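Participant: Reminder that position 64 of the sequence shown reads as 139 in this note's numbering, one-by-one numbering, no gaps.
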Amino acid sequence: MCPAAAGRAPEARNVCRLLSRRAHGFYTKDAGVAHRKNMALLRKIICQESTKFKKVWTTHSASPIAYERGRIYFDNYQCCISSIAQEPRILYQKPKSPKSEKIEDALLLECPLGEMLPSPSDYKSSLVVLTAQNWLLRLSADSGVILEKIYLAGSCCKFRYLSWDTPQEIMVIKSAQNKLPAAARQIFGNSVTDVAVSNGILIVMYSMGLVRLYNFQAISEQFMEQPFDLGYEFNWNGQVGIVGEYPFGLPCNIKITDTPPLLFEVSSLENAFQIGGYPWHYIITPNKKKHKGVFHICSLKDKALAKNGIQDMKCCSLEPDWIYFHPDMSGRIIHVGPNLIKVLKIKEVENNITQMEIAEDFMIVANRENSVNSSVTVTASGRVVKKRFNLLDDDPEQETFKIVDYEDELDLLSIVAVTQIGADGRAHLDFHCNENGILLKSIPLLESWDVTYSHEVYFDRDIVLHIEQKPNRRFSCYVYQMVCSTPKEEECSSQEKTERVSCKKGGRIFEYT
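(1) Of all the options Val318, Ser138, Tyr148, which has the alpha carbon lying nearest to the alpha carbon of Leu540?
(2) Please name the residue or residues paired with Cys91 in a DSSP beta bridge.
(3) Would you kindly report the start and end of the unbroken beta strand (DSSP E) that includes Ser295?
(4) Could you pull the start and end residues of the alpha helix (DSSP H) that Phe263 belongs to?
(5) Buried or exposed: Val491, going by 16 or more other Cβ atoms within 10 Å of its Cβ?
(6) For Gly500, does the count of other Cβ atoms within 10 angstroms reach 16, so buried, or fall short, so exposed?
(7) Ile120 by DSSP, collapsed to three states: which one?
(8) Tell me the residue span of the beta strand (DSSP E) that contains Asn310.
(9) Please tell me whether Leu183 and Arg235 are closer than 9 Å, where the distance is taken between their beta carbons.
(10) With C-beta atoms as the reference, is Ala228 less than 9 Å away from Cys373?
(11) Secondary structure at His110, three-state DSSP: helix, strand or coil?
(12) Would you give the residue range spanned by the beta strand (DSSP E) that Ala434 belongs to?
(13) Report yes if the C-beta distance between Gly512 and Met438 is below 9 Å; otherwise report no.
(14) Have a look at Met280 and Lys129 and give me their C-alpha separation to the nearest angstrom.
(15) What residue range is occupied by the uninterrupted beta strand (DSSP E) comprising Cys231?
(16) For Thr527, write down the residues that DSSP places opposite it in a beta bridge.
(17) Report yes if the C-beta distance between Lys330 and Phe298 is below 9 Å; otherwise report no.
(18) What did DSSP end up calling Ala347 once you bin it into helix, strand or coil?
(19) Using 9 Å as the threshold, is the C-beta distance between Arg287 and Phe339 below it?
(20) Using the rule of at least 16 other Cβ atoms within 10 Å of the residue's Cβ for burial, across every protein chain shown, is Glu543 buried or exposed?
(21) For Asp66, which of helix, strand or coil comes out of DSSP?
(22) Can you name the start and end residues of the beta strand (DSSP E) that Gly368 belongs to?
(23) With distances taken Cα to Cα, identify the nearest neighbour of Lys477 among Glu432, Ser392, Val203.
(24) Indicate whether Ile178 and Ala137 have their beta-carbon atoms separated by less than 9 Å.
(25) Give, in chain order, every unbroken run of the beta strand (DSSP E) that is at least 3 residues long and sits entirely within the segment 173-241.
(26) Given a cut-off of 9 Å on the beta-carbon distance, is the pair Ile262 and Pro335 in contact?
(27) Our contact map puts Gly284 next to Ser238 with C-beta atoms below 8 Å; I'd like the distance itself, whole angstroms only.
(28) For Leu520 versus Tyr481, is the C-beta spacing smaller than 9 Å?
(29) Determine the direct distance from the alpha carbon of Leu337 to that of Asp377, and round the result to whole angstroms.
(30) Which of the three DSSP states, helix, strand or coil, is assigned to Ala379?
(31) Go to Ser405, then tell me how far its beta strand (DSSP E) extends in each direction, as first and last residue.
(32) The beta strand (DSSP E) spanning Gln168 covers which residue range?
(33) Roughly how many angstroms lie between the CA atoms of Lys649 and Asn265, to the nearest whole one?
(34) Within a Cβ cutoff of 8 Å, which residues of the same chain sit near Glu223, ignoring the five residues on either side of it in sequence?
(35) Return helix, strand or coil for Ala609, following the three-state DSSP convention.
(36) Expressed to the nearest angstrom, what Euclidean distance is found between the alpha-carbon atoms of Phe291 and Ile165?
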């Protein structure tokens, strides 16, 4: 450790501690400190009573709408609109492309911190898109200009999906499911239904609910026939070409000839399997239909069920409850039901450090009337009436949780709750403290919410965005922006009129307030 560093942080006695503290922005000269202070200030502003979220923009489209970091995409990513400006504005509008250039999937690419990149444009945000003709394109997020093109493979394989292995560093490109070749069937079996790669782990799923984990890095090192680099000439099976250029593409240079070592195997209903927590645990549902909605939390080390590790809300609802490890990396678990959200933590059993237990950290309960759901009621005249059925826990006339998300920069849980009376459904977005679950702010969503439609809600710093899919592929997008106004300004804003403007391209209608 250098003397200067030691003098700057005397409580940190080793390099690992210093690097960790620096990454979290504990030093006054680090950029992380300013960012943390700014986000803490923004959180206070958002949660204060005088702050409102005003609907500033509405649009309707005949094609799917996507959102990424302040950018709204229409027409298969051909039109990009910034939601950050005071009035959403078009960043770029590309000419209509043929079906052969249709974009199948997209990922936002932002440069990893601390990396030296070859071009200044590489430090700016990019959109990586996968086309129907197996091209991987890197587009400028602000202009849509193509910065880089990579040809993946010929017509023998159709790639359809993009995901991250290591976020912003290693990308996974997956094809549509094809019949496995004979060699792969011998190694992995006949009943493979899906595969994924995450954090260096190859995850193989089978039709009978079996999930197997393999070390993908070890597989690539053991079975790689010959390494190659993008943009360089390469000789592959007698063919010479430039890697990543048409028609050579990317050679398939990993050929698995033997069953790789198995890291872990478990059986779960519908292949539902998650890993997280500290120490490492996993969540499954026992592989029988009668156990649907029951979750087992077990130690990854020895598959031992944690104390209180069986989580069952016993809810009677049309839509099942769901559970997942908290994305804030705290090791906690979020369990969401129709009218109850539990945040759970993994901790050592008292007086037994070898066993772990699941304990409740806090709960968030839907705002419902305290009425007893009795099967027998008595009328005013004294007549006893028996109900033929009980109300469901997700009865639309009662407040029901529909979406739970985490805003990492502001450390807030954002929760959408919906109540539908007749044809008119009303929703509100609530911000809860991620540490203790206390309600800090509630934002009404002004548009009607139909629970039978598909909905997405994004809370991104000072923006709330709601995307709705209606029948017959009709899509709507509603944008709310944070405003801090005085009572006099609020009175004036309520008198503003709505201007309706038609867009010539894409058949969309925009509404500005």
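Think of the CB as a built atom: it goes at the ideal place given N, C-alpha and C, for glycine as much as any other residue. Bear in mind that the values here come from a model prediction, so they are computed numbers and not experimental data.
Facilitator: From the atom records:
(1) In the sequence shown, counting from the first residue as 1, residue 540 sits at position 465. Comparing Cα positions, the closest option is Tyr148.
(2) What you label residue 91 is simply residue 16 of the sequence shown in a count that begins at 1. Beta-bridge pairing links Cys91 to no other residue.
(3) Residue numbering aside, residue 295 sits at position 220 when the sequence shown is read from its first letter. Looking at the DSSP string, Ser295 is not in any beta strand (DSSP E); the run it does join, the alpha helix (DSSP H), is 291-298.
(4) For this step, residue 263 is matched to residue 188 along the sequence shown. Run containing Phe263: 257-263, per the alpha helix (DSSP H) assignment.
(5) Position 416 of the sequence shown holds residue 491. With 16 or more Cβ atoms within 10 Å of its Cβ, Val491 is classed as buried.
(6) As a first step, residue 500 must be located in the sequence shown, where it is residue number 425. Its Cβ being crowded by 16 or more others within 10 Å, Gly500 is buried.
(7) Looking up residue 120 in the sequence shown gives position 45. In this structure, DSSP gives Ile120 a helical state, which the three-state scheme calls helix.
(8) Here residue 310 corresponds to residue number 235 of the sequence shown, with the count starting at 1. Residues 308-311.
(9) In the sequence shown, residue 183 corresponds to position 108, counting from 1. In the sequence shown, residue 235 corresponds to position 160, counting from 1. Result no, Cβ atoms of Leu183 and Arg235 do not sit closer than 9 Å.
(10) In the sequence shown, the residue the question calls residue 228 occupies position 153. In the sequence shown, the residue the question calls residue 373 occupies position 298. No; because the gap between Cβ atoms is not below 9 Å, this pair is not in contact.
(11) Working through the sequence shown from its first residue, we reach residue 110 at position 35. Helix.
(12) For the purposes of this step, residue 434 is taken as residue 359 along the sequence shown, with counting starting at 1. Element bounds for Ala434: 427-440.
(13) Residue mapping note: residue 512 aligns to position 437 of the sequence shown, counting from 1. Residue mapping note: residue 438 aligns to position 363 of the sequence shown, counting from 1. Result yes, Cβ atoms of Gly512 and Met438 sit closer than 9 Å.
(14) Indexing the sequence shown from 1 puts residue 280 at position 205. Indexing the sequence shown from 1 puts residue 129 at position 54. If you take the alpha carbons of Met280 and Lys129, they lie about 45 Å apart.
(15) Here residue 231 is taken as the residue at index 156 of the sequence shown, counted from 1. For Cys231, there is no enclosing beta strand (DSSP E), as DSSP marks it with neither H nor E.
(16) Counting from 1 along the sequence shown, the entry for residue 527 is found at position 452. In the DSSP output, where bridge partners are listed per residue, Thr527 has none listed.
(17) Sequence index remark: in the sequence shown, residue 330 carries index 255 (1-based). Sequence index remark: in the sequence shown, residue 298 carries index 223 (1-based). It is a contact, given that the beta carbons lie within the stated cut-off.
(18) Looking up residue 347 in the sequence shown gives position 272. It is coil, neither helix nor strand.
(19) The count along the sequence shown starts at 1 and reaches residue 287 at position 212. The count along the sequence shown starts at 1 and reaches residue 339 at position 264. Cβ atoms of Arg287 and Phe339: closer than 9 Å.
(20) As a working note, residue 543 is residue 468 in the sequence shown. Per the 10 Å Cβ criterion, buried.
(21) Since the first and last residues shown for the chain are 76 and 588, residue 66 lies out of range.
(22) Along the sequence shown, read from residue 1 onward, the residue named residue 368 stands at position 293. No beta strand (DSSP E) contains Gly368, which DSSP labels as neither H nor E.
(23) As a first step, residue 477 is located in the sequence shown; it is residue number 402 there, counting from the start. The alpha carbon of Lys477 has as its nearest neighbour, out of Glu432, Ser392, Val203, the alpha carbon of Ser392.
(24) In the sequence shown, residue 178 corresponds to position 103, counting from 1. In the sequence shown, residue 137 corresponds to position 62, counting from 1. No.
(25) Counting whole runs of 3 or more residues, the segment 173-241 contains the beta strand (DSSP E) stretches 178-184, 201-206, 210-215, 221-226, 234-241.
(26) In the sequence shown, residue 262 corresponds to position 187, counting from 1. In the sequence shown, residue 335 corresponds to position 260, counting from 1. Yes, the pair counts as a contact, with Cβ atoms nearer than the cut-off.
(27) For this step, residue 284 is matched to residue 209 along the sequence shown. For this step, residue 238 is matched to residue 163 along the sequence shown. About 22 Å; that fails the 8 Å criterion.
(28) Position 445 of the sequence shown, counted from the first residue, corresponds to residue 520. Position 406 of the sequence shown, counted from the first residue, corresponds to residue 481. Result no, Cβ atoms of Leu520 and Tyr481 do not sit closer than 9 Å.
(29) As a position in the sequence shown, residue 377 is number 302, starting the count at 1. As a position in the sequence shown, residue 337 is number 262, starting the count at 1. Rounded to the nearest angstrom, the two C-alpha atoms are 15 Å apart.
(30) In the sequence shown, counting from the first residue as 1, residue 379 sits at position 304. DSSP places Ala379 in coil when its eight states are reduced to three.
(31) To locate residue 405, count along the sequence shown from 1; it is residue 330. That residue, Ser405, is in no beta strand (DSSP E); it is neither H nor E in DSSP.
(32) To locate residue 168, count along the sequence shown from 1; it is residue 93. From DSSP, the beta strand (DSSP E) with Gln168 extends over 164-168.
(33) Given a span of 76 to 588 for the chain in the structure shown, any question on residue 649 remains unanswerable.
(34) In the sequence shown, residue 223 corresponds to position 148, counting from 1. Taken in chain order, the residues that qualify are Leu212, Arg213.
(35) Because the chain spans 76 through 588 in this model, residue 609 falls outside it and cannot be assessed.
(36) Start at 1 with the first residue of the sequence shown, and residue 291 comes out as number 216. Start at 1 with the first residue of the sequence shown, and residue 165 comes out as number 90. About 42 Å.
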